[in-house]
Amino acid sequence: MLPFLGKKASTAKLGIDISSTSVKLLELSRSGSRFKVEAYSVEPLPPNAVVEKNITDVEGVGDAVSKVLARSKSALKNAAVAVAGSAVITKTIEMDAALNDDEMESQIKVEADQYIPYPLDEVSIDFEVQGEVENAPDRVEVLLAACRNENVELRSDVLEIANLIPKIVDVEAYAIERAFGLVADQIDGGEDQTVAIVDIGSTMTTLSVLHDGRTIYTREQLFGGKQLTEEIQRRYGLSFEEAGLAKKQGGLPDDYEPEVLEPFKEAVVQQVARSLQFFFSSSQYNDVDHILIAGGTASISGLADLVQDKVGTSTSIANPFVDMAISPKVNASILSNDAPALMIACGLALRSFD
20 MLPFLGKKAS TAKLGIDISS TSVKLLELSR SGSRFKVEAY SVEPLPPNAV
70 VEKNITDVEG VGDAVSKVLA RSKSALKNAA VAVAGSAVIT KTIEMDAALN
120 DDEMESQIKV EADQYIPYPL DEVSIDFEVQ GEVENAPDRV EVLLAACRNE
170 NVELRSDVLE IANLIPKIVD VEAYAIERAF GLVADQIDGG EDQTVAIVDI
220 GSTMTTLSVL HDGRTIYTRE QLFGGKQLTE EIQRRYGLSF EEAGLAKKQG
270 GLPDDYEPEV LEPFKEAVVQ QVARSLQFFF SSSQYNDVDH ILIAGGTASI
320 SGLADLVQDK VGTSTSIANP FVDMAISPKV NASILSNDAP ALMIACGLAL
370 RSFD
């Protein structure tokens, strides 16, 4: 059994988020209760090096990690990465509260084939005690997580190409949950409510619903900012790279906003509404208290207001760095602009302080 959540390590680690289009690196330090961004950088990936959260070009991704590390000027060697929620099977089980970690691990090894539909030699398994079972103080709830070895090993291989030490392979949803702890204070009601985090990446949108700060639901759908880039490319006769730059930097013709951007924003609203409907139909919930928009697409101007108006739920843009100090070697304005896309990287970097 190979632990992949790496819960027992507590040295400083780089948070490295490998998405479908880029590698994002973040290093945090802490003084008292205040965090500081020590290093941050983003490096684009070769086309199709990662497809739907699966690494298909280990050398290409490893090279991008090497470049992002060099550009960040971080001296750290230990790193934390994450696998997508869709690659992980999770199960909450009850166990005897008197067991220590080693005894729990032995018992889980014996019983794991009840919960995991793969041969045990093909999976990495880890577990985390969540707390006492309600009305049964001698029992604890234990979160069991299992992931195919290849998903863990590919990410480890990528880090090793860049001469980094893979200390933790986390799960994206738990990284987002950890980063939400920094954002919760910006929301009326804080953690003690039901919050939907909609992370809109380049090709995938992930809905994570948290109740009292704990993830209770995640779902991934094929939808993302790449669709806007492709529409810019098609309409204005640009290369994909030119379209991506124009999307960020502006300078497109006058008809861009009404003819291209507004319809895309409407599509985002529909995606958010549809994702929430899936959640409501598969749970006892029929409402959320707040929507948090994350991912690269979140930085589109006016998106949160549009979602709030159309869905009817208070909505804001995720920024886990609001109360952090920023190192002089980090460009604060670029960091602020990229902040919504850095929830996973931030949650991974926070593993330094477990």
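Numbering (this note's numbering), first residue to last: 20 to 373. Glycine included, each C-beta is placed from N, C-alpha and C at the ideal position.
Three-state secondary structure (DSSP) of residue i
i    : result
G208 : coil
S294 : helix
P22  : The pLDDT assigned to P22 is 47, lower than 50, so where the model puts this residue is not dependable; a value taken from the coordinates is nonetheless given after this. It is coil, neither helix nor strand.
E71  : coil
L162 : strand
G104 : helix
N97  : strand
CA nearest to the CA of residue i, picked from the options
i    : options                : result
K348 : K32, L33, E46, D36     : E46
S39  : V217, Q212, I195, F242 : F242
L378 : A215, I219, V341, E239 : Lying before the first or after the last residue shown, residue 378 is absent from the chain, which here runs from 20 to 373.
Y193 : D204, V307, S105       : S105
G79  : I180, G263, I187       : I180
A103 : E147, G200, T224       : T224
I127 : G315, E160, K72, P65   : E160
F146 : M114, R90, G208, S175  : M114
Residue range of the alpha helix (DSSP H) that includes residue i
i    : result
D328 : 322 to 330
Y255 : 245 to 255
V202 : 191 to 202
D82  : 77 to 91
I180 : 168 to 180
F259 : 259 to 268
M362 : 362 to 368
Beta-carbon proximity list for residue i, same chain, < 7 Å, skipping 5 on both sides
i    : result
N356 : S318
I336 : I312, A317, A323, P359
N170 : V102, A106
G314 : D218, I219, G220, P359, A360
Cβ shell of residue i (< 6 Å), same chain only, five flanking positions each side left out
i    : result
N182 : none
T222 : S39, G243, K245
A83  : V42, E62, L64
K110 : Y134, L163
G34  : L45, A99, A364, L367, A368
K329 : V288
Residues near residue i in its chain [Cβ-Cβ closer than 8 Å; skip 5 each side]
i    : result
T334 : H309, I310, L311, I312, A323, D324, V326, Q327
P272 : Y255
D204 : D342
Nearest-angstrom Cβ-Cβ length linking residue i and residue j, presumed shorter than 8 Å
i    : j    : result
V307 : T213 : 5 Å
F259 : Q252 : 5 Å
N- and C-terminal bounds of the beta strand (DSSP E) containing residue i
i    : result
D121 : Taken as a continuous stretch (DSSP letters only), D121 belongs to no beta strand (DSSP E), being part of the alpha helix (DSSP H) at 120 to 130.
D145 : 142 to 152
I7   : This structure cannot settle anything about residue 7, because the visible part of the chain is limited to 20 through 373.
S352 : Where S352 is concerned, there is no enclosing beta strand (DSSP E), although the alpha helix (DSSP H) it sits in stretches over 351 to 357.
T316 : Neither: T316 is in no beta strand (DSSP E) and is coded neither H nor E.
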